[in-house]
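Residue numbers (our numbering): 1460 to 1746.
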């Protein structure tokens, strides 16, 4: 719902809007109106007083909205958000707790900041794209404001805005990309709790194992036959170093040194391949 935003309502006594200004010229003395509204029951008379307060304080709401211009949102939209914040402030204000301005300013400012937090661009985009998005959004709203109005086509939006169809498409794409969607957001209204995160793939831990195994093949081929046999017995047959030593007729210490040396040679071979691949920008392949 759009809120009318006049700066002065015809018929309002000048003394009401100009007397006893405080910090700003747009801060009227409305203490009597708030006291009167607090005494009234819900009904037409109370609504009339409330509407008068909204009208009198709208210039201040506009001023607050103006602080946030040039951030990708049109000033008209910002004024609407600030006006909604003003209405909330008027409805919640307790006249016994001080001046209305002291309560309204942080309330309205918070409403505008909340609007940006909820609708801010997730990524930095060119100003031209932001402008196209705003023009297309306003045009679509204007073309569909009457009940039963069909969704405007790209051609309709182009005609209404004076943009090319290519620019309209860019604006529409920006509209769809304006804000991020939480990975925890449910994809449907069903109670299955299926979220966007459930559709994403997960890293396969076995992938790294395959990469490491293939990378180590060439280094293993280059080892002497006895060292390959020792590594096979240790890591594939799960034999202890003592059993390997007995099997080969050498000391356990010698087996330990051969295993350490062989593993270091294979590791150096793998690291050398990866360094070479990064330098050439390619991916190694092994037979």
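Cβ coordinates follow ideal geometry from the N, Cα and C atoms, glycine included. Remember, it's a predicted structure, so these values are computed and weren't measured experimentally.
According to DSSP, simplified to helix, strand and coil, what is residue 1530? coil
Can you tell which of 1600, 1633, 1502 has its C-alpha closest to the C-alpha of residue 1620? 1600
Cβ-based neighbour list, residue 1727, same chain, cut-off 8 Å, excluding 5 preceding and 5 following: Contacts found: 1678.
Distance, Cα to Cα, residue 1533 vs residue 1632? 18 Å
Is the Cβ-Cβ distance between residue 1541 and residue 1570 less than 8 Å? yes
Cβ pair count under 8 Å reaching 3, the stretch 1511-1523 against the stretch 1535-1551: yes
Do you know how far the Cα of residue 1724 is from the Cα of residue 1731? 10 Å
For residue 1498, does the three-state DSSP call read helix, strand or coil? The three-state reading of DSSP puts residue 1498 in helix, counting H, G and I together.
Going by Cα to Cα distance, which pick from 1575, 1618, 1574, 1576 is closest to residue 1594? Shortest Cα-Cα distance from residue 1594 to any of 1575, 1618, 1574, 1576 involves 1618.
Helix, strand or coil for residue 1615? Go by DSSP, reduced to three states. helix
Give the secondary structure of residue 1787 by DSSP, where H, G and I count as helix, E and B as strand, and everything else as coil. Absent from the model: residue 1787. The displayed extent of the chain is 1460 to 1746, so no value can be given.
Helix, strand or coil for residue 1558? Go by DSSP, reduced to three states. coil
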